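Visitor:
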């Protein structure tokens with residue numbers, strides 16, 4: 043995973059196994075262990091620097107999200123290409139280049155999603171709590187379930203909301219092997235209310251099953267999260283729309299004009315087929 047911090051630096055926590063861990067020897071011989079490594083890419087020098095601090099757990103395919111104070115949340119992934127899922131959530135302070143929290147047992151979300159914990163969708167929400175004005179709020183989603191957490195200045199997580207399931211049974215949307223997701227533009231006329239939309243995905247079987255040969259979805263799923271004051275109503279609902287074509291493994295990018303461009307992907311199967 044990777045994310046930008048305030049000075050334009052790209053922070054890249056986690057990574058790949060060493061070449062020796064691949065039984066078929068197809069990996070490049072110079073591939074080094076990188077699952078606990080943190081790297082900074084400088085937009086000025088165009089160079090990567092490996093940071094002395096390391097993650098406390100192996101992360102392969104984690105999601106990273108930067109908070110406004112340049113703390114970076116590293117969520118989930120697998121321990122390796124071969125699994126099992128890693129429920130750990132860690133917090134790295136990119137300003138001080140130090141780890142500040144490591145929850146190796148995870149949080150309810152990363153344990154709930156189990157094998158779907160690969161690049162979960164994760165967004166910083168524009169929420170403020172009058173009772174805890176220094177807390178930040180993070181949306182997390184993988185496959186067919188999602189939750190919202192607060193993160194306080196001590197990097198402690200608290201569950202704020204459990205989102206309703208998607209309106210279609212036995213499907214997966216936003217995570218690495220399925221759909222894409224974006225946080226839509228925050229508009230002053232809507233009081234900067236948060237809204238997330240997911241595009242496409244795939245049918246699924248039980249957790250642990252790779253949707254390698256399942257058809258893609260032609261549906262998008264939208265959820266209006268509003269503001270922090272709306273949490274107590276627990277009235278969240280998904281809205282479903284039909285897209286022009288089926289897509290899985292796509293990318294969705296929010297453009298400056300507020301439109302979303304969806305590219306790549308497939309109508310069936312997954313990235314290796």
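Residue numbers (this note's numbering): 43 to 315.
Every residue, glycine too, gets a C-beta built ideally from N, C-alpha and C.
Treat the numbers as computed from the prediction; the structure is a model and nothing was measured.
Between 84, 241, 204, which lies nearest to residue 277 when the distance is taken from Cα to Cα?
Guide: Taking only the C-alpha atoms, the option nearest residue 277 is 204.
Visitor: In chain order, what residues of the same chain lie with their CB nearer than 6 angstroms to the CB of residue 234, ignoring the 5 residues before and after it?
Guide: Excluding residues within five positions, the ones whose Cβ falls inside 6 angstroms are 168, 228.
Visitor: Which residues in the same chain as residue 158 place their Cβ atom closer than 7 angstroms to its Cβ, once the five residues preceding and following it in sequence are excluded?
Guide: Hits under 7 angstroms: 184, 185, 214, 217, 249.
Visitor: Between which two residues does the alpha helix (DSSP H) containing residue 176 stretch?
Guide: Note, residue 176: premise wrong, no alpha helix (DSSP H); not H, not E.
Visitor: Tell me whether residue 262 sits in a helix, a strand or coil according to DSSP, three-state version.
Guide: In the structure shown, residue 262 sits in a strand (DSSP, three-state: E or B).
Visitor: Drop a sphere of 10 angstroms on the beta-carbon of residue 239, count the other beta-carbons inside from all chains shown, and report buried for 16 or more, exposed for fewer.
Guide: Buried, since its Cβ has 16 or more Cβ neighbours within 10 Å.
Visitor: What's the C-alpha gap between residue 172 and residue 64?
Guide: Taking the straight line from one Cα to the other gives about 51 angstroms.
Visitor: Output the distance between the C-alpha atoms of residue 287 and residue 135, rounded to the nearest integer angstrom.
Guide: Using only the alpha carbons, I get a separation of about 41 angstroms.
Visitor: Let me know if residue 314 comes out buried or exposed under the rule of 16 or more other beta-carbons within 10 Å of its beta-carbon.
Guide: Residue placement at residue 314 is flagged as unreliable, the pLDDT there being 43, under the threshold of 50; the coordinate-derived value follows with that caveat. Exposed is the call here.
Visitor: Please classify residue 218: does DSSP put it in a helix, a strand, or coil?
Guide: In this structure, residue 218 counts as coil in the three-state DSSP scheme.
Visitor: Measuring alpha carbon to alpha carbon, tell me which of 225, 75, 112, 50 ends up nearest residue 87.
Guide: Ranking 225, 75, 112, 50 by Cα distance to residue 87 puts 50 first.
Visitor: Per DSSP, which residues does residue 54 bridge with? Please list them.
Guide: Residue 54 pairs with 81.
Visitor: Can you give me the C-alpha to C-alpha distance between residue 97 and residue 187, rounded to a whole angstrom?
Guide: Straight-line Cα distance between these residues: approximately 26 angstroms.
Visitor: Shortest alpha-carbon distance to residue 263 belongs to which of 303, 209, 310, 298?
Guide: Answer by Cα proximity: 209.
Visitor: From what residue to what residue does the beta strand (DSSP E) around residue 302 run?
Guide: Looking at the DSSP string, the run of the beta strand (DSSP E) that includes residue 302 is 302-305.
Visitor: Note down the Cα distance separating residue 161 from residue 47, rounded to an integer number of angstroms.
Guide: Looking at the two C-alpha atoms, the distance is approximately 19 angstroms.
Visitor: Out of 201, 176, 140, 257, point me to the one whose CA is closest to residue 195's CA.
Guide: Of 201, 176, 140, 257, the residue nearest in Cα terms is 176.
Visitor: How many Å lie between residue 231 and residue 269 at the Cα?
Guide: Computed Cα separation, rounded: 13 angstroms.
Visitor: Identify, in the order they occur along the chain, each residue of the same chain with its Cβ nearer than 6 angstroms to the Cβ of residue 113, setting aside the five sequence neighbours on each side.
Guide: Within the same chain, residue 113 has close Cβ partners 133, 135.
Visitor: On the CB-based measure, 16 or more other CB atoms within 10 Å of its CB, does residue 281 come out buried or exposed?
Guide: Exposed, since its Cβ has fewer than 16 Cβ neighbours within 10 Å.
Visitor: Excluding sequence positions up to five away, which residues of its chain have a Cβ less than 8 angstroms from the Cβ of residue 52?
Guide: Excluding positions up to five away in sequence, the list reads 44, 45, 46, 82, 83, 85.
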